[in-house]
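Colleague: Chains as they are written, first to last, in UniProt numbering: chain A, 1 to 721; chain G, 1 to 185.
C-beta atoms are modelled at their ideal positions from N, C-alpha and C, and glycine is treated no differently.
This is the structure, below, for whatever I ask next.
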Amino acid sequence: MQKDKSGKIENVVHPNEKLVKTHCSYCGMQCGMNLRVNTVSNKIVGVEPRYDWPVTLGKMCPKGVTAYQQTNHSDRLLKPLIRDDASLKGTKEGFREASWEEAYDLITTKFKELQTNYGKNSLSVYSGVSMTNEKCYLTGKFARVGLQTRYIDYNGRFCMSSAAGGFLRSFGVDRGSTLPWTDIHETDCIFMAGSNTAECHPTSMFRVWAVQERGGYLIVVDPRETPIARRADVHLDIKPGTDLALANGILNLLIQNNYTDEHFIKNHTNGFEETKELVKLFTPEYTSEITGVDPEKIIRAAELYGKAPNAIVMFARGIEQQVKGVDNVSGYTNMALITGKIGRPKSGVATLTGQGNGQGGREHGQKADALPGYRKIANPEHVKEVSAFWGIDPSEMPKPGVSAYEMFGLMEEKTIRGLYLLCSNPAVSAPNLNYVRKVMKELDFMVCADFYLSESCEFADVVLPTTTWSEDEGTVTNLEGRIIKINKAQEPVGESKPDWQIQIELAERLGRGKYFSHLKTARDVADEFRGASKGGYADYFGATWDKIDKQDGVFWPCKSEDDPGTPHMFLDKKFYHPDGKAKICALPYRPPAEEPDEVYPLRLTTGRVVYHYLSGNQTRRIKFLNDMCPEPYVEVHPEKAMEYGIEHDEIIRLYTRRGQAFYKVKITEAIRKDTVFVPYSFGHDESINLLTIDALDPISRMPEFKACAAQIEKLEIKKVL
Amino acid sequence: MKQRLYIELENCIGCRSCLAACTQCGGHEERNRNYVYDVNPFVNRQTMPLMCLHCVNPACARSCPAQAIQIHETGAVLSALVEKCIGCQNCTIACPYGIPKFDTEQNLMYKCDLCIDRTKDGIPPMCASVCPTNTLQWLTEEEIEMKQKQFNLDNGKWTASMKLEGETNVRVNLPGILQGVTKLF
Ligand code: SF4
Chain A
1 MQKDKSGKIE NVVHPNEKLV KTHCSYCGMQ CGMNLRVNTV SNKIVGVEPR
51 YDWPVTLGKM CPKGVTAYQQ TNHSDRLLKP LIRDDASLKG TKEGFREASW
101 EEAYDLITTK FKELQTNYGK NSLSVYSGVS MTNEKCYLTG KFARVGLQTR
151 YIDYNGRFCM SSAAGGFLRS FGVDRGSTLP WTDIHETDCI FMAGSNTAEC
201 HPTSMFRVWA VQERGGYLIV VDPRETPIAR RADVHLDIKP GTDLALANGI
251 LNLLIQNNYT DEHFIKNHTN GFEETKELVK LFTPEYTSEI TGVDPEKIIR
301 AAELYGKAPN AIVMFARGIE QQVKGVDNVS GYTNMALITG KIGRPKSGVA
351 TLTGQGNGQG GREHGQKADA LPGYRKIANP EHVKEVSAFW GIDPSEMPKP
401 GVSAYEMFGL MEEKTIRGLY LLCSNPAVSA PNLNYVRKVM KELDFMVCAD
451 FYLSESCEFA DVVLPTTTWS EDEGTVTNLE GRIIKINKAQ EPVGESKPDW
501 QIQIELAERL GRGKYFSHLK TARDVADEFR GASKGGYADY FGATWDKIDK
551 QDGVFWPCKS EDDPGTPHMF LDKKFYHPDG KAKICALPYR PPAEEPDEVY
601 PLRLTTGRVV YHYLSGNQTR RIKFLNDMCP EPYVEVHPEK AMEYGIEHDE
651 IIRLYTRRGQ AFYKVKITEA IRKDTVFVPY SFGHDESINL LTIDALDPIS
701 RMPEFKACAA QIEKLEIKKV L
Chain G
1 MKQRLYIELE NCIGCRSCLA ACTQCGGHEE RNRNYVYDVN PFVNRQTMPL
51 MCLHCVNPAC ARSCPAQAIQ IHETGAVLSA LVEKCIGCQN CTIACPYGIP
101 KFDTEQNLMY KCDLCIDRTK DGIPPMCASV CPTNTLQWLT EEEIEMKQKQ
151 FNLDNGKWTA SMKLEGETNV RVNLPGILQG VTKLF
């Protein structure tokens, strides 16, 4: 690793340029970077590594290297857009440029009209977490105090909500990683389930490889032989949607072979005996029957994890985007709890957070049932605290709403008639898109705030131009739980405005100015937000911008000005349940919602490629990234391809009970024979979410993106895309 | 303290961050100069970077009739001098790895100069700076020696460069490094 020298490497500063230190706009790694700003034009012109950022040491994936190209991109929205002809919804057509005043007038008139006729809750806010904590916080306040609606939720329901649900149940607290990333290369065994780490969190990889270089072990659970699985000591090539059986099977082996830590189990956990009984059923053979993984490999994986002096269990959307995502999280977390490999350096549990602020954005009140500081609307004390802070009466606090996907159901039945969408692109990212797009089209009134004309903007009546991450400042919380600072590198392009400013100006026009008008700058929002989180368990009060700068970030909880924060969770072996113990969960196995059958014999799974981020609204516009991966494809094993008589690069029809799409075939042995894979970052007819299922996890309300039943049709007449 | 580009082929994940970053070097006119290949895409996801190895006696420079390819005192084999390059493309054929690229519009060869603007001052080249996997590293001689000791391979082929085109300034570790690693338990 370049670690020792990293602090000493100087940066190159070109003539007429300055460097603004910040972080990447994309994934939860939040790689440190310097934006190169031309001091004559005051525009961002490039990127320079940030060698002294301790998590990533200057490293960036290709998305990070080219992220700066978003800011002054020719596709940026420069003015508000209004579409007068609602019949053109669902297309790019019919928009005209308008002034902010005209756009605001229209929005206020329509919002008031809907709320007068159909009640406060006829409006909804659908948000995202690829933005700062300050914006996420204010969006929650905007919905509940500004619009006074209960219906707010966010795209973390398609991302981190299962991890959150699992951690809350197992630990009583949801911080995505129990230890800092700078521990990873020093552990002895990594158990990585459902994470295509090399493509989705590439800058973790130098630490992962370092474990193997030191003689440690890497175990990977994935239906595909991804670049990280290729080098694993054990690759458990699991059938999509069967993780819980594997977790139970490994748990059983750990118990049978005495890898448990009796002292830890007795003093710091509940639920062991019950779990032990339940997992007895999961012998290697039975586990193999369900998961399709060779029993020998399961035995080997359990042995390696069991023997390792230190080990980290890690996972991502592969296990979380299932109808039992929460159970999968608790199931794999059980491994650390029964062996006591948690609550100390170099051992623990971590999820690889998808979006830049996937952690912070789920803590501060954008979730249908949550308030700042990870408080709950269901808890009257919490409602009292936050109401007092906001200066409203507790009776005015709206009740909990429903999850992101369920909002579409309420739109269909006209309970929800208006939508304010920001920082998200559900016209690509939601499951079962034929339905979602139809519902969005039928909304009475829709506003979309974005910096590009996304596929979701195409359903809007009004589009508001927002800033990119580089034109505003604030904090985000990376995948470690480390609060870091995003800095402003240039003035907003055109007439674009940061989301917080738009929401304040709208709230004022809706007659709610007294709760918002005191906020003039991003820093004002930041200070209010820290105060709002105070006393909640995700307490950010002590995480001032100065401290973040001095300490290279602050790990929450950080309760006061002199609290340095909490890089390692549970060092005192105290968990956050009332009795201070963690919960070992007994979890009966459930199959995926839709199993393959004669008509739909294949298992369809989806994921990212290294060149694209989420719905691709940003990365598809970046030339380098789009050149590298301009279109989706379907990965098929050569034996399966032979059965269907299809060839590499041939276009086929892929279909499920919900929809169809045409894809080029990519033949590879690096996938299970019964499984096909399509990347999800593409729009319109290319969206794989036209085919995915909308079955939801009962706790997290996460759709089962990762497993449904599909079929391939070879086309009689060759199709050209 | 002499530092070299060191390539650990086994680490590559094919993200092509090195190519994206190449364009960010001040002298590179936003064009990337190296390659990443899928080794056997129908079978697995192995990939490998193909970077200029900065040969001590480079075939590209030897083949140039106009002496347009200069060698920097650090050993970096530079891109063709604009005023000297006659666009004959000899170098693109002479290089055993196919590194030099040709710009038909400008009638000009261009190749990796190891980010000479950076490396002349000991700052790592862009590719090695950003590489998320440590496939590309910028190491001192001592660090490279330590690697050599740590990965004592059976096949004796620790550096590929000796067997290919004479001595190179860049050091390459062939796939298979992990064969030589002693497991912790
Ligand atoms: S996308 Fe993620 S891994 Fe890539 S540079 Fe950005 S933060 Fe780092």
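1. For alanine 670 of chain A, go through chain G and note every residue whose CB falls closer than 7 Å to its CB, in chain order.
2. For threonine 116 of chain A, does the three-state DSSP call read helix, strand or coil?
3. I'd like the span of the beta strand (DSSP E) that includes asparagine 38 of chain A, first residue to last.
4. Mind listing the chain A neighbours of threonine 182 of chain G? Cutoff is C-beta to C-beta under 9 Å, in chain order.
5. Closest by CA to glycine 645 of chain A, which one among A/Ile667, A/Asn270 and A/Val678?
6. Tell me the rounded alpha-carbon separation between glutamate 101 of chain A and tryptophan 556 of chain A.
7. Could you spell out the range, first to last residue, of the beta strand (DSSP E) harbouring cysteine 558 of chain A?
8. Quick one, which of A/Gln711, A/Pro703, A/Ser170 and A/Glu480 has its alpha-carbon nearest proline 180 of chain A's?
9. Nearest to threonine 116 of chain A by CA position, among A/Tyr137, A/Glu262, A/Arg214 and A/Arg417, is which residue?
10. What are the start and end residues of the alpha helix (DSSP H) that includes leucine 244 of chain A?
11. Output the distance between the C-alpha atoms of aspartate 85 of chain A and asparagine 11 of chain A, rounded to the nearest integer angstrom.
12. Out of curiosity, what's the CA-to-CA distance linking alanine 160 of chain G and isoleucine 7 of chain G?
13. Run the Cβ filter for me: residues under 6 Å from any heavy atom of the ligand SF4, listed in the order they occur in the chain.
14. Considering only residues of the same chain and omitting the five flanking positions on each side of aspartate 539 of chain A, which have a CB-CB separation below 8 Å?
15. Between lysine 163 of chain G and the rest of its own chain, which residues show a CB-CB distance below 6 Å, the 5 nearest in sequence each way excluded?
16. What would DSSP say about isoleucine 699 of chain A, mapped onto helix, strand or coil?
17. At the level of alpha carbons, what is the spacing between glycine 542 of chain A and threonine 566 of chain A?
18. Return the CA-CA distance between glutamate 442 of chain A and tryptophan 53 of chain A, expressed in angstroms with no decimal places.
19. Following the continuous alpha helix (DSSP H) through serine 533 of chain A, name the residue where it begins and the one where it ends.
20. Per DSSP, what kind of secondary structure is glutamine 366 of chain A in: helix, strand or coil?
21. According to DSSP, what are the bridge partners of tryptophan 138 of chain G?
22. I want to see whether chain G comes within less than 9 Å of aspartate 524 of chain A, judged by CB atoms only; does it?
23. Look at aspartate 188 of chain A and lysine 346 of chain A and say whether their C-beta atoms are less than 9 Å apart.
24. So which residues of chain G does tryptophan 209 of chain A contact, with C-beta pairs closer than 7 Å?
25. The segment 175 to 201 of chain A: which residues have C-beta closer than 8 Å to a C-beta of chain G, in chain order?
26. Please state if the CB of serine 615 of chain A and the CB of tyrosine 680 of chain A are separated by a distance shorter than 9 Å.
27. Helix, strand or coil for cysteine 112 of chain G, going by three-state DSSP, please let me know.
28. Return helix, strand or coil for asparagine 16 of chain A, following the three-state DSSP convention.
29. Have a look at asparagine 487 of chain A and alanine 59 of chain G and give me their C-alpha separation to the nearest angstrom.
30. On the CB-based measure, 16 or more other CB atoms within 10 Å of its CB, does methionine 1 of chain G come out buried or exposed?
31. Would you mind sorting serine 17 of chain G into buried or exposed? The rule is 16 or more other CB atoms within 10 Å of its CB.
32. Identify whether residue 764 of chain A lies in helix, strand or coil by the three-state DSSP scheme.
33. Give every residue of the same chain whose Cβ lies closer than 7 Å to the Cβ of leucine 139 of chain G, excluding the five residues on either side of it in the sequence, and list them in chain order.
34. Please list the terminal residues of the continuous alpha helix (DSSP H) segment that includes alanine 593 of chain A.
35. For the UniProt domain "4Fe-4S ferredoxin-type" (76 to 105) of chain G, enumerate the residues whose C-beta is nearer than 9 Å to any C-beta of chain A, in chain order.
Modeller: So, to answer that:
1. Position 670 of the first sequence holds residue 670 of chain A. Residues of chain G passing the Cβ test: Asn44 and Arg45.
2. Working through the first sequence from its first residue, we reach residue 116 of chain A at position 116. Helix at threonine 116 of chain A.
3. Indexing the first sequence from 1 puts residue 38 of chain A at position 38. Element bounds for asparagine 38 of chain A: 32 to 38.
4. Numbered from its first residue, the second sequence carries residue 182 of chain G at position 182. The contacting residues are Gly215.
5. Here residue 645 of chain A refers to the residue found at position 645 of the first sequence. Among A/Ile667, A/Asn270 and A/Val678, the Cα nearest to that of glycine 645 of chain A belongs to A/Ile667.
6. Position 101 of the first sequence, counted from the first residue, corresponds to residue 101 of chain A. Position 556 of the first sequence, counted from the first residue, corresponds to residue 556 of chain A. Their Cα atoms are separated by approximately 40 Å.
7. Within the first sequence, numbered from 1, the residue matching residue 558 of chain A stands at position 558. Cysteine 558 of chain A -> no beta strand (DSSP E), and no H or E assigned at all.
8. Taking the first residue of the first sequence as 1, we reach residue 180 of chain A at position 180. Minimum Cα distance to proline 180 of chain A is reached at A/Glu480.
9. Taking the first sequence and counting its residues from 1, one reaches residue 116 of chain A at position 116. Per the Cα distances, A/Arg417.
10. Numbered from 1 along the first sequence, position 244 holds the residue referred to as residue 244 of chain A. First-last of the alpha helix (DSSP H) with leucine 244 of chain A: 243 to 256.
11. Reading the first sequence from its first residue, position 85 is the one you call residue 85 of chain A. Reading the first sequence from its first residue, position 11 is the one you call residue 11 of chain A. If I take the Cα positions, the gap works out to 52 Å.
12. Numbered from 1 along the second sequence, position 160 holds the residue referred to as residue 160 of chain G. Numbered from 1 along the second sequence, position 7 holds the residue referred to as residue 7 of chain G. The predicted position of alanine 160 of chain G is uncertain, since its pLDDT is 46 and thus under 50; a value taken from the coordinates is nonetheless stated next. Rounded to the nearest angstrom, the two C-alpha atoms are 10 Å apart.
13. A/Cys24, A/Tyr26, A/Cys27, A/Met29, A/Gln30, A/Cys31, A/Met60, A/Cys61, A/Lys63, A/Gly64, A/His201, A/Pro202 and A/Thr203
14. Counting from 1 along the first sequence, the entry for residue 539 of chain A is found at position 539. These residues qualify, in order along the chain: Gly373, Ser533, Trp556, Pro557, Cys558 and Lys559.
15. Within the second sequence, residue 163 of chain G is the residue found at index 163, counting from 1. Reliability fails at lysine 163 of chain G, whose pLDDT of 49 lies under 50, so the model's placement of it is uncertain and no value is given.
16. Within the first sequence, numbered from 1, the residue matching residue 699 of chain A stands at position 699. It is coil, neither helix nor strand.
17. Here the question's residue 542 of chain A lines up with position 542 in the first sequence. Here the question's residue 566 of chain A lines up with position 566 in the first sequence. Near 11 Å, if we compare the C-alpha coordinates of threonine 566 of chain A and glycine 542 of chain A.
18. Counted from its first residue, the first sequence places residue 442 of chain A at position 442. Counted from its first residue, the first sequence places residue 53 of chain A at position 53. Using only the alpha carbons, I get a separation of about 47 Å.
19. Here residue 533 of chain A refers to the residue found at position 533 when the first sequence is read from its first residue. Unbroken alpha helix (DSSP H) run through serine 533 of chain A: 522 to 533.
20. Translated into the one-based positions of the first sequence, residue 366 of chain A becomes position 366. In the structure shown, glutamine 366 of chain A sits in coil (DSSP, three-state: anything other than H, G, I, E or B).
21. Locating residue 138 of chain G in the second sequence gives position 138, where the first residue counts as 1. DSSP lists G/Leu5 as partners of tryptophan 138 of chain G.
22. The count along the first sequence starts at 1 and reaches residue 524 of chain A at position 524. False, the Cβ-Cβ gap to chain G never drops below 9 Å.
23. In the first sequence, counting from the first residue as 1, residue 188 of chain A sits at position 188. In the first sequence, counting from the first residue as 1, residue 346 of chain A sits at position 346. Yes, these two residues count as a Cβ contact at 9 Å.
24. By one-based count along the first sequence, residue 209 of chain A stands at place 209. Asn11, Thr133 and Asn134, listed in chain order.
25. Asp188, Ala198 and Glu199
26. Taking the first sequence and counting its residues from 1, the one referred to as residue 680 of chain A is at position 680. Taking the first sequence and counting its residues from 1, the one referred to as residue 615 of chain A is at position 615. Yes. Within cutoff.
27. Locating residue 112 of chain G in the second sequence gives position 112, counting from the first residue. In this structure, cysteine 112 of chain G counts as coil in the three-state DSSP scheme.
28. For this step, residue 16 of chain A is matched to residue 16 along the first sequence. Three-state result, asparagine 16 of chain A: coil.
29. What you label residue 487 of chain A is simply residue 487 of the first sequence in a count that begins at 1. What you label residue 59 of chain G is simply residue 59 of the second sequence in a count that begins at 1. Asparagine 487 of chain A and alanine 59 of chain G: Cα-Cα distance of roughly 47 Å.
30. As a working note, residue 1 of chain G is residue 1 in the second sequence. Exposed, by the Cβ-count rule.
31. For the purposes of this step, residue 17 of chain G is taken as the residue at position 17 of the second sequence. Buried, by the Cβ-count rule.
32. No statement about residue 764 of chain A is possible, as the shown extent of chain A runs from 1 to 721 and does not include it.
33. The residue you call residue 139 of chain G lines up with position 139 of the second sequence. If we look at leucine 139 of chain G and ignore the five residues flanking it on each side, its Cβ neighbours are Gln3, Arg4 and Tyr6.
34. Here residue 593 of chain A refers to the residue found at position 593 when the first sequence is read from its first residue. Premise fails: alanine 593 of chain A is in no alpha helix (DSSP H) and is neither H nor E.
35. none
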